[in-house]
Structure formats: C-alpha cells, structure tokens
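Okay, so the sequence shown: first residue is 8 according to the numbering used here, each after it adds one. Ideal Cβ positions, reconstructed from N, Cα and C, are used throughout, including at glycine. Treat the numbers as computed from the prediction; the structure is a model and nothing was measured. What follows is a set of notes on a single structure, which appears directly below.
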Amino acid sequence: MNQKTDKFNRRRARFARSLARSTQTALDELEASPDLPQSMGYFIDIMRDVFVKQDKSLISARLQGGDNKKIIGTYCLMVPEELIYAAGAIPVRLCGGSYEASSMGDELVPRDTCPVVKASVGFHSLDIISLYQMCNAVIVPTTCDAKRKMGEELSKFTEVWMLEAPHIKETEGARRQWLSHIKALKKDIEKLTGKKIRRKALQTSIRMIAGAQYEARRLYEIRKSAAPVIMGREAMLALNAYSYDTAFEWAKAMAGLNDELESRSDNGRAVAGSNAPRMLIAGCPPIFPNWKIPSLIEEMGAVIVA
Numbered sequence: 008m009n010q011k012t013d014k015f016n017r018r019r020a021r022f023a024r025s026l027a028r029s030t031q032t033a034l035d036e037l038e039a040s041p042d043l044p045q046s047m048g049y050f051i052d053i054m055r056d057v058f059v060k061q062d063k064s065l066i067s068a069r070l071q072g073g074d075n076k077k078i079i080g081t082y083c084l085m086v087p088e089e090l091i092y093a094a095g096a097i098p099v100r101l102c103g104g105s106y107e108a109s110s111m112g113d114e115l116v117p118r119d120t121c122p123v124v125k126a127s128v129g130f131h132s133l134d135i136i137s138l139y140q141m142c143n144a145v146i147v148p149t150t151c152d153a154k155r156k157m158g159e160e161l162s163k164f165t166e167v168w169m170l171e172a173p174h175i176k177e178t179e180g181a182r183r184q185w186l187s188h189i190k191a192l193k194k195d196i197e198k199l200t201g202k203k204i205r206r207k208a209l210q211t212s213i214r215m216i217a218g219a220q221y222e223a224r225r226l227y228e229i230r231k232s233a234a235p236v237i238m239g240r241e242a243m244l245a246l247n248a249y250s251y252d253t254a255f256e257w258a259k260a261m262a263g264l265n266d267e268l269e270s271r272s273d274n275g276r277a278v279a280g281s282n283a284p285r286m287l288i289a290g291c292p293p294i295f296p297n298w299k300i301p302s303l304i305e306e307m308g309a310v311i312v313a
C-alpha cells in the first residue's frame with residue numbers, strides 16, 4: 008500500500024466514524040423528546056440503518072425484500088420514479104446532507120457549488136455508504152450548472168444517466184424535448200433491468216407514488232394547525248426517510264404517523280404554544296443528517312413549518 012492510498016483510507020475511516028457519530032447524536036436528540044410521536048420510530052430506524060449501521064443486508068431487506076431488484080439512485084424530484092418502479096427496480100434519492108461529505112466534495116467541484124452537490128460527490132468519492140455502493144446507476148437531471156458538473160464527477164465512480172431538463176417549460180419545443188429525453192431514459196432503465204415497461208405496471212406505479220404524495224400532503228395539512236402537534240425537524244426527518252424506502256412502505260408508515268397526529272389534534276395535545284414563532288427555511292434544503300440548523304431553531308423555541 009503506497010502512502011497516498013494509506014492516507015486516503017485513514018481519511019475515509021475518520022469520515023465514517025464522524026458520520027456515524029453525528030448521525031447518532033441527531034437521532035438521540037430526536038428520541039429524547041418527550042413529545043416524539045410513537046410512529047416516528049419507523050423513520051428513525053431507516054436513518055440509523057443507512058447512516059449509522061451502514062449494513063447492506065438491512066438496507067437490501069428493506070428495499071429489495073429478498074429479491075435481486077436493481078437500485079437506481081436519483082438526484083432530483085424531476086426524475087420520474089414511476090418508470091423505475093414499473094421496470095421492477097427501486098429508486099432511492101441520494102442528495103447528500105453531510106458536512107463531512109461536503110468537505111470532501113469541496114476538493115472535487117467548484118468552490119461556489121451548493122453544499123448538497125458537494126456532499127453528494129463527497130459520498131460517492133469516499134465510498135463508505137452502503138446504499139451508494141448498491142446503486143446500479145444514478146440519474147442526474149441538469150437543473151443547474153452544478154448538477155451538470157456533478158454528473159461528470161460521479162461518472163468516475165458509477166454509471167450516470169444525465170437527464171437534460173429544458174430551461175423553458177412553456178414552449179411546445181421544450182415539451183417535445185423533455186418527452187424525448189424521458190423516452191431515452193425509459194430505454195436506459197429497461198436495458199438495465201431487462202424488463203420492458205408495460206402500461207399496467209406503469210399504472211400501478213403511478214397509483215403507488217400518488218398514495219405516497221397523498222400522505223405527504225396530509226402531513227402538510229395537519230401542520231397548518233395553529234397549535235403544532237409535531238416539531239418541524241421530526242416532520243422533516245419523516246419526509247427525508249422517503250429517500251431510502253419504497254414508496255409503498257413509506258406511505259403506509261406515514262399514514263400511521265398522520266393518524267397519530269390527527270388524534271393528538273383532536274385531543275388538544277400540542278408540542279408548542281400557538282404563539283411560538285413559525286419559521287420558513289429557504290434556500291438549500293437541510294438534508295439529513297445535517298440537522299444542526301433545524302435543531303438549533305427549535306431548541307430556541309421556534310417551530311419550523313416549511
């Protein structure tokens with residue numbers, strides 16, 4: 008082993024320990040809350056499996072259910088997950104949310120790149136997160152210059168499919184262009200899985216995604232209450248957990264959480280007063296395990312509502 012490789016491996020080991028430690032701290036803080044909904048345990052376990060235990064067998068059992076399904080990583084909401092499910096594969100969202108990974112990515116992409124892109128590249132370059140290693144391909148929409156650069160960097164570590172996003176959505180030409188790119192993506196997915204996407208399978212996938220979206224909207228509606236029944240960082244973690252779960256299982260767990268929160272609301276049980284400051288976080292979204300800002304805001308007595 009040469010000196011350069013030895014240095015990288017030591018750095019990689021430090022990163023793995025730091026990531027597991029910071030993630031466990033964030034989860035411990037959530038679990039210590041006396042007002043934590045009981046249904047949150049499912050979502051916390053997902054994050055612990057991915058970022059602390061980093062056990063491929065646990066992640067595989069959750070996502071693949073014992074089947075040898077292909078796993079496709081995605082880097083934006085614009086990726087049509089319905090096509091992936093219809094082809095018998097599993098989509099996972101890989102946008103990075105780690106300070107440690109962002110520091111590593113800082114060396115690989117331009118300095119003015121957003122932290123999410125830096126962390127995403129950092130995770131792949133260090134190759135320690137089991138979920139990233141399990142991906143057979145990743146899809147990167149070109150929603151900004153940083154994402155385009157990210158696709159170039161990620162291609163050094165895994166198979167990358169760039170999804171060209173038109174800059175103007177309203178024109179007929181842009182619609183035709185987008186449709187042609189979606190059809191090309193469909194062919195890539197079919198080639199990877201060896202399974203042709205059929206109308207019936209696509210309809211089933213659409214209904215499954217719609218079910219997950221319905222439960223997410225239910226949570227948003229519940230959180231509009233003047234007296235909040237769940238803290239913002241808890242709701243954000245539950246929503247983030249969708250990235251590392253199947254849409255069907257996540258929707259089922261989210262339905263249980265929503266039922267519990269509605270019961271709290273009916274019983275007048277709130278986690279903060281109606282006069283607590285209600286905060287909106289704008290800009291680059293906090294992505295787990297980078298939970299310091301959400302935790303700080305709510306520890307100071309405010310509630311994150313969006």
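Suppose contacts are defined by Cβ-Cβ distances below 8 Å. Is Ile79 in contact with Ala68 by that definition? Residue mapping note: residue 79 aligns to position 72 of the sequence shown, counting from 1. Residue mapping note: residue 68 aligns to position 61 of the sequence shown, counting from 1. 8 Å or more divides the Cβ of Ile79 from the Cβ of Ala68.
Going by DSSP, name the residue or residues bridged to Arg214. Position 207 of the sequence shown, counted from the start, is the residue given in the question as residue 214. Listed as beta-bridge partners of Arg214 by DSSP are no residues whatsoever.
With 16 other CB atoms within 10 Å as the buried threshold, where does Arg17 fall? Start at 1 with the first residue of the sequence shown, and residue 17 comes out as number 10. Its Cβ having fewer than 16 others within 10 Å, Arg17 is exposed.
Using a 10 Å radius around the Cβ and a threshold of 16 neighbouring Cβ atoms, would you call Gln61 buried or exposed? For the purposes of this step, residue 61 is taken as residue 54 along the sequence shown, with counting starting at 1. Classification for Gln61: buried.
Closest by C-alpha distance to Met238, when choosing among Leu226, Arg118, Tyr249: Numbered from 1 along the sequence shown, position 231 holds the residue referred to as residue 238. Ranking the options by Cα distance to Met238, first place goes to Leu226.
Under the DSSP definition of a beta bridge, which residues are partnered with Met169? Taking the first residue of the sequence shown as 1, we reach residue 169 at position 162. DSSP lists Val147 as partners of Met169.
To the nearest whole angstrom, what separates the beta carbons of Leu161 and Val145, a pair I think is in contact under 8 Å? Translated into positions along the sequence shown, residue 161 becomes position 154. Translated into positions along the sequence shown, residue 145 becomes position 138. Yes, they are in contact, since the Cβ atoms of Leu161 and Val145 sit about 6 Å apart, within 8 Å.
Applying the criterion that 16 or more other CB atoms from any shown protein chain within 10 Å of the CB defines a buried residue, is Asn247 buried or exposed? Counting from one through the sequence shown, the residue named residue 247 turns up at place 240. So Asn247 ends up on the buried side.
Measuring alpha carbon to alpha carbon, tell me which residue in Ala93, Ser127, Glu306, Pro301 is nearest Arg4. Summary: the structure shown does not reach residue 4, with the chain confined to residues 8 through 313, and so no result is reported for it.
Tyr106 versus Asn297 - alpha carbon distance: The residue given as residue 106 occupies position 99 in the sequence shown. The residue given as residue 297 occupies position 290 in the sequence shown. In this structure, the CA atom of Tyr106 is about 7 Å from the CA atom of Asn297.
Opposite Arg100 in the DSSP bridges: which residues? Working through the sequence shown from its first residue, we reach residue 100 at position 93. Per DSSP, Thr81.
Kindly indicate which three-state DSSP category Met307 falls into: helix, strand or coil? The sequence position of residue 307 within the sequence shown is 300, counting from 1. Residue state, collapsed to three classes: coil.
Going by alpha carbons, who is nearest to Glu256 out of Arg21, Leu70, Thr30? By 1-based counting over the sequence shown, the position of residue 256 is 249. Nearest C-alpha to Glu256: Leu70.
Looking at the structure shown, is Met286 part of a helix, part of a strand, or coil, going by DSSP? Indexing the sequence shown from 1 puts residue 286 at position 279. Of the three classes helix, strand and coil, the one that applies to Met286 here is strand, per DSSP.
Could you tell me if Arg28 is buried or exposed, where buried requires 16 or more neighbouring beta carbons within 10 angstroms of its beta carbon? Translated into the one-based positions of the sequence shown, residue 28 becomes position 21. With fewer than 16 neighbouring CB atoms inside 10 Å of its own CB, Arg28 falls in the exposed class.
Identify whether Ser109 lies in helix, strand or coil by the three-state DSSP scheme. Within the sequence shown, numbered from 1, the residue matching residue 109 stands at position 102. Three-state DSSP puts Ser109 in a helix.
In whole angstroms, what separates the C-alpha of Pro293 from that of Ile135? On the sequence shown, residue 293 is found 286 positions in, with the first residue counted as 1. On the sequence shown, residue 135 is found 128 positions in, with the first residue counted as 1. Taking the straight line from one Cα to the other gives about 21 Å.
Assigned secondary structure, Glu256 (DSSP; H/G/I helix, E/B strand, else coil): Taking the first residue of the sequence shown as position 1, residue 256 is located at position 249. The answer is helix: DSSP assigns Glu256 an H, G or I state.
Who are the Cβ neighbours of Thr149 in its own chain at under 8 Å, not counting the five residues just before and after it? For the purposes of this step, residue 149 is taken as residue 142 along the sequence shown, with counting starting at 1. So the list reads Arg155, Gly158, Met169, Leu170, Glu171, Ala172, once near-sequence residues are dropped.
Do Ala277 and Ala234 count as a contact pair if the criterion is CB distance below 8 Å? On the sequence shown, position 227 is the one that residue 234 refers to. On the sequence shown, position 270 is the one that residue 277 refers to. Taking the C-beta atoms as reference points, Ala277 is found nearer than 8 Å to Ala234.
Please check the pair Ser46 and Ala223, which I expect to be a contact at CB under 8 Å, by giving their CB distance rounded to whole angstroms. The residue labelled residue 46 in the question sits at position 39 within the sequence shown. The residue labelled residue 223 in the question sits at position 216 within the sequence shown. The beta-carbon distance between Ser46 and Ala223, rounded to whole angstroms, is 15 Å. This is too long to meet the 8 Å contact definition.
Can you tell me whether Thr30 is buried or exposed, with buried defined as 16 or more other CB within 10 angstroms of its CB? Along the sequence shown, read from residue 1 onward, the residue named residue 30 stands at position 23. Per the 10 Å Cβ criterion, buried.
Looking only at C-alpha atoms, which of Cys83, Phe58, Thr253, Val124 sits nearest to Thr32? Along the sequence shown, read from residue 1 onward, the residue named residue 32 stands at position 25. Of the listed residues, the one whose Cα sits closest to Thr32 is Phe58.
Reference Asn75; option with closest CA among Thr200, Phe130, Lys207: Along the sequence shown, read from residue 1 onward, the residue named residue 75 stands at position 68. It is Thr200 whose Cα lies nearest to the Cα of Asn75.
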